[in-house]
Amino acid sequence: IQMWVHYPPEFDPDKEYPLFLLIHGGPHGAVTDNFHYRWNAQTFASWGYVTAWPNFHGSTGFGQAFADSINPDWASKPYADVIAAAEWLMDKPWIDADRTVAGGGSYGGYLSTILLGREHSFNALMIHAAVYDLYAQTSADFAVHERRFGSYWEKPEIYKAISPHYFADRFETPSLIIHGQRDLRVPVVQAFELFRALQSRGVESRLVYYPDENHWILTRANSLHWYSEVRQWVERFAAPGPR
């Protein structure tokens with residue numbers, strides 16, 4: 113798979129850096145050669161992290177078969193690609209495998225929640241606007257996928273395999289949960305349910321709630337606050353800078 117890697121300022125390959133692995137949304141989106149002010153990999157790298165965006169299976173721009181390869185199993189191939197990308201990077205002499213974090217928003221938040229219930233090596237996760245319960249999500253944007261996936265009463269095995277809430281008994285990774293009240297694509301109750309599950313399991317977690325934001329953080333003040341919260345969280349579990 114393709115992956116974009118951003119290096120910290122004054123990067124020295126003879127030193128070890130922490131890894132911040134980003135998971136894009138969609139899932140049928142893609143990371144391209146652009147400057148994104150809401151999810152700015154250059155900003156994350158400037159904090160002292162090697163920042164990487166993999167274009168996992170399901171990403172657009174690599175042929176229809178590649179995009180369709182994750183239907184209806186939205187979890188398995190993208191999860192495997194994220195793990196493979198992390199392992200490839202952690203095998204490099206300039207990555208400190210003991211300082212790794214990952215996260216994403218929308219589908220990227222969903223896949224981060226999938227990571228919560230499966231094996232991985234990240235110290236912490238950042239989960240923005242994530243789908244936690246696919247049953248509840250059928251009342252929102254996931255309803256459009258029923259034509260391909262079938263309804264949850266017709267194909268319960270699909271939903272049980274890819275809905276993160278079924279694997280809450282495995283949640284152990286410290287997680288930052290972020291959501292906006294006005295999110296009509298992924299209703300905010302998804303964040304409340306996920307945070308409640310983490311708290312009930314005694315997993316270190318934090319919920320950041322924006323009453324005046326939607327699926328994305330758009331106002332200048334809230335955007336600055338969002339970056340501050342993310343930075344404090346990742347620095348807490350993966351100290352920035354070279355060693």
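Read in order, the letters of the sequence shown correspond to residues 113 to 355 in our numbering. All residues carry an ideal CB built from backbone N, CA and C; glycine is no exception.
Q | Close-in-space but distant-in-sequence residues of the same chain around I290 (CB under 6 angstroms, 5 per side omitted) | A | Start at 1 with the first residue of the sequence shown, and residue 290 comes out as number 178. Within the same chain, I290 has close Cβ partners H240, V320.
**Q.** Close Cβ partners of H327 (< 6 angstroms) along its chain, the five nearest in sequence each way excluded
**A.** Here the question's residue 327 lines up with position 215 in the sequence shown. These residues qualify, in order along the chain: A241, D295, R297.
Q) Would a C-beta distance cut-off of 8 angstroms place L237 and L223 closer than the cut-off? A) In the sequence shown, counting from the first residue as 1, residue 237 sits at position 125. In the sequence shown, counting from the first residue as 1, residue 223 sits at position 111. Contact: no.
Q: Please determine, among E231, G220, S287, R150, the residue with the shortest C-alpha to C-alpha distance to L356.
A: Residue 356 cannot be examined here, being either before or after the span of the chain that is shown, 113 to 355.
Q. Buried or exposed: which applies to N146, given that a residue is buried once 16 or more other Cβ atoms fall within 10 Å of its Cβ?
A. To locate residue 146, count along the sequence shown from 1; it is residue 34. By the neighbour-count rule (16 or more Cβ atoms within 10 Å), N146 is not buried but exposed.
Q | Nearest residue (CA-CA) to F349, options T285, E258, S275, N183 | A | For this step, residue 349 is matched to residue 237 along the sequence shown. Of all alpha-carbon atoms in T285, E258, S275, N183, the one lying nearest the alpha-carbon of F349 is that of T285.
**Q.** Nearest-angstrom Cα separation, counted from E122 out to S263
**A.** Numbered from its first residue, the sequence shown carries residue 263 at position 151. Numbered from its first residue, the sequence shown carries residue 122 at position 10. Each residue's Cα considered, the two are about 52 angstroms apart.
**Q.** Candidates L288, I207, A177: closest to F307 by CA position
**A.** On the sequence shown, position 195 is the one that residue 307 refers to. Closest by alpha carbon: L288.
(Q) Using only CA atoms, which one of R318, N334, E316 lies nearest to D324? (A) By 1-based counting over the sequence shown, the position of residue 324 is 212. Across the set R318, N334, E316, the C-alpha of N334 shows the shortest separation from the C-alpha of D324.
Q: Return helix, strand or coil for Y297, following the three-state DSSP convention.
A: The residue you call residue 297 lines up with position 185 of the sequence shown. Residue identity check: residue 297 is Arg in the sequence provided, not Tyr. Reduced to three states, the DSSP call for R297 is coil.
Q | CA-to-CA distance, P268 to M202, given in whole angstroms | A | As a working note, residue 202 is residue 90 in the sequence shown. As a working note, residue 268 is residue 156 in the sequence shown. A straight line joining the alpha-carbon of M202 with that of P268 spans about 37 angstroms.
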